[in-house]
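Take any residue in the sequence shown, count from 1 to its spot, add 516: that is its number in the working numbering. Idealized CB from N, CA, C, for every residue including glycine. Predicted, not measured: the structure shown is a model, and the values here were computed from it. Scroll down for the structure; my scribbles are underneath it.
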Amino acid sequence: MRLALHLLIGLCVTLFVYPLRSPLQRQRIRQRWSSRLLAIVGLRLEHEGERVQPGCLLVANHVSWLDIFVVNALAPAAFVSKAEVRNWPLIGVLAARNETVFLMRGSRGHARIINAEVGAILDAGRNVALFPEGTTTDGSHVLHFHAALLQPAVESGHSVQPVAISYLDAQGRHSLAPAYAGDTSLIECLMAIVGSRALIASVSVGSPLPTCNGLHRKEVARQARETIVAHVSRHAGQVERHH
Numbered sequence: 517m518r519l520a521l522h523l524l525i526g527l528c529v530t531l532f533v534y535p536l537r538s539p540l541q542r543q544r545i546r547q548r549w550s551s552r553l554l555a556i557v558g559l560r561l562e563h564e565g566e567r568v569q570p571g572c573l574l575v576a577n578h579v580s581w582l583d584i585f586v587v588n589a590l591a592p593a594a595f596v597s598k599a600e601v602r603n604w605p606l607i608g609v610l611a612a613r614n615e616t617v618f619l620m621r622g623s624r625g626h627a628r629i630i631n632a633e634v635g636a637i638l639d640a641g642r643n644v645a646l647f648p649e650g651t652t653t654d655g656s657h658v659l660h661f662h663a664a665l666l667q668p669a670v671e672s673g674h675s676v677q678p679v680a681i682s683y684l685d686a687q688g689r690h691s692l693a694p695a696y697a698g699d700t701s702l703i704e705c706l707m708a709i710v711g712s713r714a715l716i717a718s719v720s721v722g723s724p725l726p727t728c729n730g731l732h733r734k735e736v737a738r739q740a741r742e743t744i745v746a747h748v749s750r751h752a753g754q755v756e757r758h759h
């Protein structure tokens with residue numbers, strides 16, 4: 517009930533408050549709202565490593581629907597998401613009103629538009645975040661990174677900053693509760709999260725990786741993935757290698 521009310525409040529804020537606020541004020545609202553959502557579901561955020569730098573493309577491993585709120589609680593960012601999300605009840609409206617860039621997969625013409633849109637956000641000094649694996653895992657390993665998703669940063673000369681996310685239980689062990697992967701439904705995932713106690717989102721932010729030094733996007737993607745793998749492997753044992 518508290519979560520549903522919080523989502524409705526978020527919808528009202530995006531519809532009626534956002535138009536009256538500056539981009540910076542909207543970011544601060546988004547950060548507070550995301551932090552409150554994590555508290556409602558009983559999740560504590562722990563941050564280690566670097567600070568998120570403005571104007572960076574943030575790339576993170578993808579475990580749960582909570583990932584977006586974890587990143588926004590740490591540092592507000594516009595997200596790149598698949599176009600289907602726009603049609604999801606309530607979530608689609610919230611996403612659209614929070615600078616989400618919707619990507620139509622398989623369309624080269626649309627990819628050029630997206631690259632320009634993401635580049636403009638980065639040029640304005642704001643962050644954009646995406647999940648280069650393209651799908652979720654149970655958090656125990658990191659899949660191959662689709663380097664093409666990093667092209668906007670390469671074209672605009674902005675750095676790529678890796679963000680590693682691991683979900684832990686109260687004893688610091690890898691937790692499967694937040695994992696939204698396989699045949700798990702959203703309701704099942706939510707119930708698993710609520711049924712767990714003292715969950716922790718352990719987030720490690722790596723150093724920004726420059727893209728203006730002639731590195732190919734595949735090399736930048738490789739470096740970002742290696743940074744994320746190093747964090748995930750500490751909490752989930754040996755990380756399965758996917759190249």
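- Cβ-Cβ distances below 6 Å link A663 to R733, K734, A737 in the same chain, with the five nearest sequence neighbours on each side left out; the list follows chain order.
- Per the coordinates, the alpha-carbon of P535 lies some 36 Å from the alpha-carbon of A714.
- Counting C-beta pairs with one atom in each stretch, the region 546 to 555 and the region 577 to 592 have three or more that are closer than 8 Å, which means they touch.
- Using a Cβ distance threshold of 8 Å, A752 and S656 count as a contacting pair.
- Separation of E742 and P724 (C-alpha to C-alpha, rounded to the nearest whole angstrom) is 13 Å.
- Here DSSP, grouped into helix, strand and coil, assigns R560 to strand.
- The secondary-structure analysis by DSSP pairs V533 with nothing; it has no beta-bridge partner.
- Per DSSP, the beta bridge partners of V679 are A576, V721.
- By the neighbour-count criterion, in which a residue is buried when 16 or more other Cβ atoms sit within 10 angstroms of its Cβ, Q667 is buried.
- With three or more CB-CB distances shorter than 8 Å, the region 675 to 684 counts as touching the region 569 to 577.
- In this structure the region 647 to 655 does not lie against the region 541 to 549, because fewer than three pairs of beta carbons, one per stretch, are closer than 8 Å.
- Inside the region 633 to 686, DSSP marks whole alpha helix (DSSP H) runs of 4 or more residues at positions 667 to 672, from first to last along the chain.
- If you check the CB distance, N631 and E671 come in under 8 Å.
- Bounds of any beta strand (DSSP E) do not take in L731, whose DSSP letter is neither H nor E.
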